[in-house]
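**Q** Numbering (this note's numbering), first residue to last: 226 to 721. The beta-carbon is built from N, C-alpha and C at its ideal position, and this holds for glycine as well. This one's a predicted model, so the numbers in the text were calculated from it and none came from an experiment.
Here it is as structure tokens:
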């Protein structure tokens, strides 16, 4: 980038640089020198993701971190010249009061680029960059710190710990991550434990999820340590969970010094590292439908069934090995997840039921074994019974919802549900049920005072449909598969 300031910098005649701690509110013609730690887009999610500008995280020679901002009207002027980790000089700027919510630095002021701002890259002839500017600075919080600040939408702090679960899979064997599933759901859920604290749920969204997937799957050894910056703590029914933000960065094992130090600590404290409070990993809460729709999380819900959908398919044909939806090949069933071209298929539940409580109503999707727990019969048994009783049906015939499912209307049950970001949009808010449990194993519903319903403040909820863990389209039961395909698959299972 050519600028009037560049020549004076390179000749050593630049004006004396000001440190971040010396900045006062208002316009300034002073020179700042800093390292750009990170930058990201600021968007107004409430207005459809309207682009507001670029936010920057900066650190000066004294190690002081400040936030910077480039408005949308100036963003494209600078965007192509910004590089994380590079050092710059900035002359002419405006210091404004930092926003009160989601701050990423301790300083009370933000450096805003103005009409007269001049940004120039620094090099070793200007200043010994490697010695003068720290590479980064972190603000770590413990579990108790996050708990105390949960739901306040204040400063965003960093977390580091060792992984316990990745999308529900332990690290005893290397977790298998499905890129298509992550893309469709938009997030990854990990369980993270700090040195001296309990296990915490951490949701990695959008770019953070993509970075984690890329680093995790490309690592030769199974990563064990995770550091995520600027996470947002929220509480649901007494359980605290962390959520990444657009400003978040993701580091594993040997990426940076704090993760290297943590890996070394794990090696030196193997017994401590193995200890885990199982209740913290598996703790569940009971909540209303409205509370479920107010947060994206896996929980339990007690509801009465008032109807069963009877106009569409109520099951799908799954791979017998991994339960992923099987697809039709030229002469056999295939499984994209297993990579096999000749698999055995089995019908599994994918039925929609309407449920309600005293205040709210929703559509639940019974997935897999959850349907068997509700009706007392496996989907394969019900499909076989129907085919035996209707030998003359054509290949395009839609197998109706079985009586065992219809008989559940009027019953009250507790459901374990899995709510993703895609479940909360559209005319019908469908929630995936993964288990039907007895009333004895769960705590009572929390009161409204115990449970403040706050929809995610920054995460963009895209328009979409419900997906189960295998990526199957649970909203319309098709994913390109017609009723004819479903019936043919069921008949093939019966008569092959």
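Express the C-alpha separation of residue 287 and residue 241 in angstroms, rounding to a whole number.
**A** If you take the alpha carbons of residue 241 and residue 287, they lie about 15 Å apart.
**Q** Can you tell which of 299, 530 and 561 has the C-alpha that lies nearest to the C-alpha of residue 633?
**A** Per the Cα distances, 530.
**Q** Is it buried or exposed for residue 727, if we count other Cβ within 10 angstroms and need 16 for buried?
**A** Nothing in the structure corresponds to residue 727, since the chain is present only between 226 and 721.
**Q** Following the continuous alpha helix (DSSP H) through residue 464, name the residue where it begins and the one where it ends.
**A** That residue, residue 464, is in no alpha helix (DSSP H); its beta strand (DSSP E) goes 464-468.
**Q** If you check the beta carbons only, do residue 487 and residue 450 fall under 8 Å apart?
**A** Their beta carbons are under 8 Å apart, which means residue 487 touches residue 450 by this criterion.
**Q** Are three or more beta carbon pairs between the stretch 366-379 and the stretch 331-343 nearer than 8 Å?
**A** No: fewer than three Cβ pairs fall under 8 Å.
**Q** Is there contact here, the stretch 423-442 with the stretch 331-338, by at least three beta-carbon pairs under 8 Å?
**A** Flag = no, the stretch 423-442 and the stretch 331-338 do not touch.
**Q** Within 10 angstroms of the Cβ of residue 271, are there 16 or more other Cβ atoms? Answer buried if so, exposed if not.
**A** Flag for residue 271 reads exposed.
**Q** Kindly indicate the opening and closing residues of the alpha helix (DSSP H) around residue 440.
**A** Residues 431-443.
**Q** Could you say which of 539, 389, 540 and 559 lies nearest to residue 547 if we only look at CA atoms?
**A** That would be 559, whose Cα lies nearest to the Cα of residue 547.
**Q** Could you round the C-beta distance between residue 311 and residue 261 to whole angstroms and report it? I think they count as a contact, below 8 Å.
**A** Confirmed, about 6 Å.
**Q** Measure the alpha-carbon distance for residue 402 versus residue 496 and round it to whole angstroms.
**A** Distance between the alpha carbons of residue 402 and residue 496 is about 28 Å.
**Q** At 3 residues or longer, and completely inside the stretch 328-416: list those beta strand (DSSP E) runs for me, N to C.
**A** Complete beta strand (DSSP E) runs here, min 3: 334-346 and 382-391.
**Q** Run the CB neighbour count on residue 298, radius 10 Å, all protein chains shown included, and call it buried at 16 or more, exposed below.
**A** Its Cβ having fewer than 16 others within 10 Å, residue 298 is exposed.
**Q** Taking only three categories from DSSP, how would you classify residue 248?
**A** If DSSP states are grouped into helix, strand and coil, residue 248 belongs with coil.
**Q** Could you pull the start and end residues of the alpha helix (DSSP H) that residue 627 belongs to?
**A** Residue 627 -> no alpha helix (DSSP H), and no H or E assigned at all.
**Q** Near residue 577, what residues of its chain come up, given a Cβ to Cβ distance below 6 Å and the 5 sequence neighbours on each side ignored?
**A** 534, 588 and 590.
**Q** Which residues share a DSSP beta bridge with residue 550?
**A** Residue 550 is bridged to 543.
**Q** So, is residue 614 buried or exposed, given that buried needs 16 or more other C-beta atoms within 10 angstroms?
**A** Residue 614 comes out exposed.
**Q** Nearest-angstrom Cα distance between residue 191 and residue 283?
**A** As displayed, the chain neither begins before 226 nor continues past 721, which places residue 191 out of reach and without an answer.
**Q** What residues in its chain sit with their C-beta under 6 Å from that of residue 475, if we drop five residues either side in the sequence?
**A** The answer, listed in chain order, is 433, 436, 437 and 453.
**Q** Roughly how many angstroms separate the alpha carbons of residue 347 and residue 552, rounded to a whole number?
**A** Cα to Cα, the separation comes out at about 57 Å.
**Q** Would you report the Cα separation of residue 556 and residue 609, rounded to the nearest angstrom?
**A** Distance between the alpha carbons of residue 556 and residue 609 is about 21 Å.
**Q** What is the DSSP secondary structure of residue 567, reduced to helix, strand or coil?
**A** Three-state result, residue 567: coil.
**Q** How many angstroms separate the CA atom of residue 307 from the CA atom of residue 264?
**A** Computed Cα separation, rounded: 8 Å.
**Q** If distances are taken between C-alpha atoms only, which option among 387, 405 and 469 comes closest to residue 416?
**A** Among 387, 405 and 469, the Cα nearest to that of residue 416 is on 387.
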